[in-house]
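Heads up, the thing below is written out as structure tokens.
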Amino acid sequence: MYKIIVLMGAPGAGKGTQARLLHEHLNLPQISTGDMFRALKEAHTPLAAEVRPLMEAGQLVPDDVTIRVVRERTSRADCKTGYILDGFPRTPAQAAMLEKLAAEQGKKIQAIEIEVPRELLAKRMVGRRNCPVCGEIYNIYFRPPKNDNVCDLHPDTQLNHRVDDKADTVQARLFTYEEQTRPLLNYYQGANLLQVVNGTREPEAIYKDIETIVTSDS
Ligand code: AP5
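According to the working numbering, the sequence shown holds residues 151 to 368 in order.
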């Protein structure tokens with residue numbers, strides 16, 4: 151049965167980093183609601199005006215918007231043989247929608263939590279930089295680019311620092327995660343759908359564990 155791989159974990163745990171590796175190695179589409187909303191909020195539309203202040207305050211985008219975006223994206227042809235969800239679901243309503251979607255699409259949900267202690271998370275986010283061209287994720291403390299603030303793959307491109315990676319917003323995002331999203335881990339554990347990997351190692355070592363889980367028959 152084809153799989154919906156759900157990468158879970160706190161902000162900064164490394165979901166995006168691992169989703170990119172899964173995409174590169176297994177050629178499954180990476181569906182990041184955060185990336186989709188970051189693109190969407192730049193438009194001059196009423197929806198962008200609704201989403202922008204929420205994201206910049208570290209709060210969640212409303213469920214109805216999020217669910218609509220995920221349903222539309224996962225109905226495309228490239229998702230037919232499975233896909234990776236990075237940052238979804240984050241609320242009980244989103245988890246319920248995903249269960250329905252999996253049944254409709256005839257796919258099995260496999261949730262993987264990347265576990266990282268809270269004291270490491272803020273530094274990961276405050277130090278994060280992204281290439282605006284290819285999306286490569288760097289970190290000034292843990293994974294610096296070869297040359298200061300430019301992408302290794304696009305040497306003419308300055309790296310971005312996400313607006314919501316400022317210290318105050320990072321704390322708000324961690325709070326939102328604890329309140330609204332962490333309880334979903336119990337839900338997936340109770341349903342026997344959750345596996346946990348230690349997210350404090352090198353990204354490649356974490357990836358090996360995730361690939362083993364994803365390529366197993368369970
Ligand atoms: P989103 O973009 O999903 O942000 P997030 O969940 O807060 O996750 P991050 O992107 O911060 O972290 P990550 O786990 O992907 O870590 P990364 O790999 O980059 O969401 C942003 C906003 O959009 C939300 O706040 C909300 O407003 C909205 N939104 C999104 N989805 C939504 C939904 N479903 N419902 C409602 N609203 C939604 O790594 C972090 C850093 O650590 C990087 O610098 C990286 O280089 C480094 N790093 C990664 N792995 C390692 C490692 N193993 N060792 C050392 N450093 C590492």
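Glycine is no exception: its CB is placed at the ideal position from the N, C-alpha and C atoms. This structure is a prediction, so every number in the text was calculated from the model and none was measured.
Selection from M158, R188, D298 that minimises the alpha carbon distance to D315 = As a position in the sequence shown, residue 315 is number 165, starting the count at 1. Answer by Cα proximity: R188.
Let me know if A176 comes out buried or exposed under the rule of 16 or more other beta-carbons within 10 Å of its beta-carbon.
-> If you number the sequence shown from 1, residue 176 lands on position 26. Per the sequence presented here, residue 176 reads as Leu, with Ala not at that position. Classification for L176: exposed.
Length-filtered (3 minimum) beta strand (DSSP E) runs lying within the stretch 168–207 | 180–182
Determine the contact status of T241 and D214, defining contact as a CB-CB distance below 7 angstroms.
-> Against the sequence shown, residue 241 aligns to sequence position 91. Against the sequence shown, residue 214 aligns to sequence position 64. Their beta carbons are not under 7 angstroms apart, which means T241 does not touch D214 by this criterion.
In angstroms, rounded to a whole number, what distance separates the CA positions of G208 and L343?
-> Here residue 208 refers to the residue found at position 58 when the sequence shown is read from its first residue. Here residue 343 refers to the residue found at position 193 when the sequence shown is read from its first residue. Rounded to the nearest angstrom, the two C-alpha atoms are 28 angstroms apart.
Going by the C-beta, is I287 closer than 6 angstroms to any heavy atom of the ligand AP5?
-> As a first step, residue 287 must be located in the sequence shown, where it is residue number 137. For the ligand AP5, at least one heavy atom lies less than 6 angstroms from the Cβ of I287.
When you compare only the Cα positions, how much space is there between A243 and N289?
-> Against the sequence shown, residue 243 aligns to sequence position 93. Against the sequence shown, residue 289 aligns to sequence position 139. Cα-Cα distance, rounded: 33 angstroms.
Measure the alpha-carbon distance for P161 versus Y327 and round it to whole angstroms.
-> The residue you call residue 161 lines up with position 11 of the sequence shown. The residue you call residue 327 lines up with position 177 of the sequence shown. Taking the straight line from one Cα to the other gives about 7 angstroms.
Ignore the nearest five residues each way along the sequence and tell me which others in L171's own chain have a CB closer than 6 angstroms to its CB.
-> For this step, residue 171 is matched to residue 21 along the sequence shown. These residues qualify, in order along the chain: Y357.
Since R221 and L251 are thought to touch, with beta carbons under 8 angstroms apart, how far apart are those beta carbons, to the nearest angstrom?
-> Here the question's residue 221 lines up with position 71 in the sequence shown. Here the question's residue 251 lines up with position 101 in the sequence shown. With 8 angstroms as the limit, R221 and L251 qualify as a contact, their Cβ atoms being about 7 angstroms apart.
Give the straight-line distance between the Cα atoms of T362 and L270, rounded to the nearest whole angstrom.
-> Translated into the one-based positions of the sequence shown, residue 362 becomes position 212. Translated into the one-based positions of the sequence shown, residue 270 becomes position 120. Computed Cα separation, rounded: 25 angstroms.
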